[in-house]
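Have a look at the structure below, then the notes.
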Amino acid sequence: MTTVAAPGISTTASALRRLYFVRFAFAIVWALVMFTTAKHLGPLAMTLLVLYPLFDAAAALVDARASRATATPTLLYVNVAISLLAAVGLAFADASGIPAVLRVWGAWAILAGLVQLIVAIPRRRLGGQWPMIISGGLSVLAGASFIAGASADNPVLTNAIGYAIPGAIFFLISAIRLGRTAKGN
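Numbering (our numbering), first residue to last: 28 to 212.
Shown next, in the form of structure tokens:
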């Protein structure tokens, strides 16, 4: 069955598939490097913490461009703004310590997770979006836990690693599942 939308859907699915594989690889490498430095809030840890939302902003831009044929990318541009603000907020939170960093990281995770969830729901017809829906919901919950964890007696940055790894796995699952749609089946 051939429809006018099929080429746009196939093209969008293919672009998202490539993007999701890149996001998977970035998150895994980021988590591995962060693991080596997450014991304290040093220059490398702060650089990595700022880099993650910057990468998310860039990925949202790529996603928005790829999605124009099948949807309005307005929320993806909102995510770009949220992620850029988070990066700036994290850079300033460094001076206040780990609790402030966790609060900014948590607020970003909540907002970015909501956007991911809202964007993924209408994309279900592309395939491979259930992991993105689940990931968006989990991001909201994780963000709330980061904010709550900031008030702990000894807050730690290692929770951020626990945020990146499941997200990476969800991107990998989505990328694999998008393969069928990307091929036009």
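Just so it is clear, CB atoms sit at the ideal spot from N, CA and C, and this is done for glycine as well.
By the 16-neighbour rule on beta-carbons within 10 angstroms, residue 106 is buried. Here DSSP, grouped into helix, strand and coil, assigns residue 143 to helix. Restricting attention to 206, 81, 185, the CA atom closest to the CA of residue 67 is found in 185.
When rounded, the separation of the alpha-carbon atoms in residue 63 and residue 162 is 25 Å. DSSP places residue 158 in the helix class (H, G or I) of the three-state scheme. The residue from 80, 65, 57 with its alpha-carbon nearest to that of residue 110 is 80.
Burial check for residue 54: the Cβ neighbour count within 10 Å reaches 16 or more, so the residue is buried.
When C-beta atoms of the segment 138-153 are compared with those of the segment 161-176, three or more pairs fall below 8 Å, so the two segments count as touching. Pairing residue 104 with residue 201 gives a Cβ-Cβ distance that is not under 7 Å. Residues of the same chain with a CB within less than 7 Å of the CB of residue 121, apart from the 5 flanking positions on each side, are 68, 73, 128 in chain order. A distance below 7 Å separates the beta carbons of residue 136 and residue 169. Annotated three-state conformation of residue 69 is coil, per DSSP. Here residue 99 carries a coil assignment [DSSP, helix/strand/coil]. Between residue 58 and residue 192, the gap from beta carbon to beta carbon is short of 7 Å. Across the structure, residue 82 and residue 89 are spaced so that their CA atoms are roughly 11 Å apart.
Annotated three-state conformation of residue 148 is coil, per DSSP.
The residue from 153, 52, 176 with its alpha-carbon nearest to that of residue 39 is 153. C-alpha of residue 117 to C-alpha of residue 91: approximately 24 Å in a straight line.
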